[in-house]
Amino acid sequence: MSSNSTAHSGNDSDMEERVVRSTITLHDHGDVTLLIGTGEEQQPVFVSKGTMQLASPIWRAMFDGPWSENQADMIPFPDDDVDAMLLVLRIAHLRFHEIRENNKPSIDQVFQLAIT
C-alpha cells in the first residue's frame, strides 16, 4: 500500500537521511493530503474533505470554517498516531477491506484511536 524511500538533506556537512513515505490514497477523487505524524513516522494520506465532513462534526468545522485548513492542499496532523488515524480514515472512507488486509487493530492501536 505504501513504500518508503530515503532522501538526503542538501547540506553536505549534515548527511542526515530521512524517510519519505509514499502517499496512501483513500479517495481517488480526494482534494487534500493529510500529513499524519512527524519525522520519520510522517505518513501522507490523500483523502476527501467531503467524506471527512460527513464522518465528524470536528472535521466539518475544520473544513467549513474560517481556518486555513479550508483552503490548504496539505494539512499536518503532527500529534496523531499514524496507525490509529489510518484506521479512522479507512473507516470514514469505507475502505473496510484494507483494514482486514492490514490485520486487525492491536490493543495499542485501539487505545491510540480512543485518545485521538
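Under UniProt numbering, the residue at position 93 of the sequence shown is numbered 93, and the numbers go up by one with no gaps. Backbone N, C-alpha and C fix where the C-beta goes; we use that ideal spot for every residue, glycine too.
- Judged by DSSP in its simplified three-state form, residue 60 adopts helix.
- Checking the DSSP bridge columns, you'll see residue 76 partnered with 35.
- Around the CB of residue 114, fewer than 16 other CB atoms lie within 10 Å, so the residue is classed as exposed.
- In the same chain as residue 42, and ignoring 5 residues on each side of it, the C-beta atoms closer than 6 Å to its own belong to 35, in chain order.
- Here DSSP, grouped into helix, strand and coil, assigns residue 95 to coil.
- For residue 62 and residue 69, the gap between their C-alpha atoms comes out near 6 Å.
- Out of 88, 112, 44, 106, the CA that lies nearest to the CA of residue 54 is found in 88.
- Counted as a single uninterrupted DSSP element, the beta strand (DSSP E) harbouring residue 43 occupies residues 43-47.
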